[in-house]
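Novice: In order, the protein sequence lines correspond to chains A and B. In this text, residue positions in the first sequence follow the numbering used here: the first is 1, and each later residue adds one. In this text, residue positions in the second sequence follow the numbering used here: the first is 1001, and each later residue adds one. Every residue, glycine too, gets a C-beta built ideally from N, C-alpha and C.
Protein chains: 2
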Amino acid sequence: MPSSILKPDDIDKIAAIGPFADMPREDVEVLIGAAKPRQFARHSLLFSQGDPADSFFVILEGKVKLFTATEDGDENVVSVFGEGRSFGEAAMFASGRFPVNAEVVEDACLVRIMGDHLFLHLSENKELAFRMLAVMARRHRQFQKDITDIKSKTPGQRLGGFILAQTDVKSGSVSTMLPFDKALIAARIGIKPESLSRALARLRDIGVDCQGRDVHIEDVQRLREFCEETEPHPSHR
Amino acid sequence: MPSSILKPDDIDKIAAIGPFADMPREDVEVLIGAAKPRQFARHSLLFSQGDPADSFFVILEGKVKLFTATEDGDENVVSVFGEGRSFGEAAMFASGRFPVNAEVVEDACLVRIMGDHLFLHLSENKELAFRMLAVMARRHRQFQKDITDIKSKTPGQRLGGFILAQTDVKSGSVSTMLPFDKALIAARIGIKPESLSRALARLRDIGVDCQGRDVHIEDVQRLREFCEETEPHPSHR
DNA sequence: GAAACACCTTAACGGCAGTCAGGGCCAATT
DNA sequence: AATTGGCCCTGACTGCCGTTAAGGTGTTTC
């Protein structure tokens, strides 16, 4: 619970994360090096736009949002990452400065991996470079999806899609939970909290009930149709 | 003018492109391998969503759009790339399938680089892996900007920003040209063509005149203010 | 137990994007 | 000269998001 040394359990957790997936345990340990997991309370600012990007983070626990701030105090949430995700790698390979701010939105335990350390191992370990490329490519794909969603779907459809993403169930009825508060969800899908309330009220008509963070979907299939959550290119087999 | 063998001139051009930037000329030639530049007419479909991603493209000339298609026939333009840009790398490193369609929007001359060929050289050439990572990271940054723009700016501001991006001039008055037709611009910034017309009409009030593809900006600074095109974090020195 | 706060909802209103429909201009075709 | 098609603009209408303002509920704090 306090900032502490890496437990074996943590190594296993890290080994399940993007760049380290399926990596031999010894390699993971070497790569992490002297990095220790640290606790961060909610609202902790991890880095700001323009800070030198000399390291990246791995989330053992908790949630972190990446966002930009406009001069008039508005926030624009680009991503929210949870347990088992990493963030901040891209900035190290590009400009060398973070293009966004990072803030803890749920008490978190993070490992910070220094860039120079990573670069050393990148040179030695071809596999690792491929892994990093794959991580970046997957993130790339996610961004493309975010962009098409925000361009082509209504806020109600985006909200529905967000809710659907919280469960694996594809038909019938199901109960699930919102992963964080509604203000953050609103920022994530690109609308104001007031609009989210109204969108939720509209979803109620198609059998989606939301009390606090608890959501009950009467007919998942119906919601999926409303959101046009179609499988990508069913024409290809 | 026909599909032909690589001219020395072309090698130079490729050497100026992302993954190959500043690479020794010999290395570029090796990497390209047997790939020959090919001509593609406007409207040529280069690949579709779901196609196996076994190669990527480099643009020697012309323009290419990446887009997704919804079942009801609508198109959603993710990116438009021009001369000197590459595209399609990410899909090779991730799912192995293209998540978008690619169509030529201005007669183009392209070099297609096969993935297995690239992978071979990636293993041998550490430098190349870093370059690829940097290319992906920069693309990553661009996506983040696109997302914040579409979430936080009005269509009019996005259009203004798009126009401003066509010139280097930062103050005074300037004339420039739209790089492609207005329907594609509308799709790129995420609005309908009708809305683009109306947005242009509104821009007229702040001194932006558009005839066909010719645009004249009376006061660049004024347009920049309208678009809130502020330099990133002026607070940092 | 009252006050303060975080979180969320609702209402009223103005503005504007999407939609549908129609029309103008120009170039290529016939 | 007339037709076609590509490209773009305009108008009327609807719906919904942003804004502003107010209120409601539950939890923490003193």
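In the DSSP assignment, find the unbroken beta strand (DSSP E) run with P193(A) in it and report its ends.
Specialist: Segment P193 to R204 is the alpha helix (DSSP H) holding P193(A); no beta strand (DSSP E) there.
Novice: Does the Cβ of T70(A) have 16 or more other Cβ atoms within 10 Å, making it buried, or fewer, making it exposed?
Specialist: By the neighbour-count rule (16 or more Cβ atoms within 10 Å), T70(A) is not buried but exposed.
Novice: Under 8 Å by Cβ, that's how I've got F47(A) and N101(A) pegged, so tell me the actual separation to the nearest angstrom.
Specialist: The pair is a contact, with the Cβ atoms about 7 Å apart (cut-off 8 Å).
Novice: Excluding the five sequence neighbours on either side, which residues of its own chain have a C-beta within less than 8 Å of the C-beta of N1076(B), listed in chain order?
Specialist: The residues are F1067, T1068, A1069, T1070 and A1187.
Novice: Could you pull out every residue in the same chain whose Cβ sits closer than 7 Å to the Cβ of E61(A), ignoring the five residues on either side in sequence?
Specialist: Only E83, A108 and C109 meet the Cβ criterion.
Novice: Can you confirm whether I150(A), when its beta carbon is compared against all beta carbons of chain B, has any partner nearer than 8 Å?
Specialist: With 8 Å as the cut-off, I150(A) counts as an interface residue toward chain B.
Novice: With DSSP run on the structure shown, which of helix, strand or coil describes I59(A)?
Specialist: Three-state result, I59(A): strand.
Novice: Using a Cβ-Cβ cut-off of 7 Å (strictly less than) and excluding sequence neighbours within five positions of R1224(B), which residues of its own chain qualify?
Specialist: Excluding sequence neighbours, R1224(B) sits near L1164.
Novice: Expressed to the nearest angstrom, what Euclidean distance is found between the alpha-carbon atoms of A1255(B) and L1203(B)?
Specialist: Here chain B comprises residues numbered 1001 to 1237, so residue 1255(B) is not present and cannot be evaluated.
Novice: Using the three-state DSSP reduction, which class does F1098(B) fall into: helix, strand or coil?
Specialist: Of the three classes helix, strand and coil, the one that applies to F1098(B) here is coil, per DSSP.
Novice: Which residues of chain B have a Cβ atom closer than 9 Å to the Cβ of N125(A), listed in chain order?
Specialist: Those within 9 Å of N125(A) in chain B number zero; the least Cβ separation is about 10 Å.
Novice: If you draw a straight line from the C-alpha of K36(A) to the C-alpha of H117(A), how long is it?
Specialist: Roughly 14 Å between the two C-alpha positions.
Novice: Can you have a look at F1119(B) and say buried or exposed, based on whether 16 or more other CB atoms are within 10 angstroms of its CB?
Specialist: Counting Cβ neighbours within 10 Å, F1119(B) comes out exposed, since fewer than 16 surround it.
Novice: Taking the C-alpha atoms as reference points, what is the distance between S195(A) and C1227(B)?
Specialist: If you take the alpha carbons of S195(A) and C1227(B), they lie about 24 Å apart.
Novice: DSSP puts F67(A) in a beta bridge; with which residues?
Specialist: In DSSP, F67(A) forms a bridge with V77(A) and N101(A).
Novice: Specify the secondary structure class of R112(A) as computed by DSSP and reduced to three states.
Specialist: DSSP places R112(A) in strand when its eight states are reduced to three.
Novice: Suppose contacts are defined by Cβ-Cβ distances below 8 Å. Is V1030(B) in contact with F1180(B) by that definition?
Specialist: No, these two residues do not count as a Cβ contact at 8 Å.
Novice: Sorted by chain position, which residues of the same chain lie with C-beta nearer than 6 Å to K13(A)'s C-beta, five sequence neighbours on each side aside?
Specialist: L60, listed in sequence order.
Novice: Could you pull out every residue in the same chain whose Cβ sits closer than 7 Å to the Cβ of D1149(B), ignoring the five residues on either side in sequence?
Specialist: Around D1149(B): R1158 and G1161.
Novice: With 16 other CB atoms within 10 Å as the buried threshold, where does L45(A) fall?
Specialist: With fewer than 16 Cβ atoms within 10 Å of its Cβ, L45(A) is classed as exposed.
Novice: I need the boundaries of the beta strand (DSSP E) containing V1169(B), first residue and last residue.
Specialist: No beta strand (DSSP E) holds V1169(B); DSSP gives it neither H nor E.
Novice: Measure the C-alpha to C-alpha separation of G115(A) and G1212(B) and round it to an integer number of angstroms.
Specialist: Roughly 49 Å between the two C-alpha positions.
Novice: If we cut at 8 Å on Cβ distances, does I1185(B) have a partner in chain A?
Specialist: It does not: the Cβ of I1185(B) has no partner Cβ on chain A nearer than 8 Å.
Novice: Where does D168(A) land, buried or exposed, given buried means 16+ other C-beta within 10 angstroms?
Specialist: Classification of D168(A): exposed, given that the 10 Å Cβ count is below 16.
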